[in-house]
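Residue numbers (the UniProt record's numbering): 1 to 75.
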């Protein structure tokens, strides 16, 4: 693998880790909107609370999991 390919791979992985964190945050915001307001379901939905926890889990642990998965193995 050339240096340019390695840099492109590292850049793409960095972008993916950030997108996973942002995606988890969007899930949290959507689930809070679902749970606390009448915009999606009249009276709100209790389904928003577990979705918020799933979004938090993805937001905090998703990038860490990806980094561990892509980590270079020791020689």
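Even for Gly, the Cβ is constructed at its ideal location relative to N, Cα and C.
Per-residue burial, residue i [other beta carbons within 10 Å of its own, 16 or more giving buried]
| i | result |
| --- | --- |
| residue 48 | buried |
| residue 55 | buried |
| residue 43 | exposed |
Nearest-angstrom Cβ-Cβ length linking residue i and residue j, presumed shorter than 8 Å
| i | j | result |
| --- | --- | --- |
| residue 21 | residue 59 | 5 Å |
| residue 34 | residue 41 | 7 Å |
| residue 3 | residue 70 | Residue 3 to residue 70, Cβ: 18 Å. No contact. |
Nearest candidate by alpha-carbon position, reference residue i, set the options
| i | options | result |
| --- | --- | --- |
| residue 31 | 53, 15, 65, 18 | 53 |
| residue 18 | 35, 39, 65 | 65 |
| residue 50 | 27, 38, 43 | 27 |
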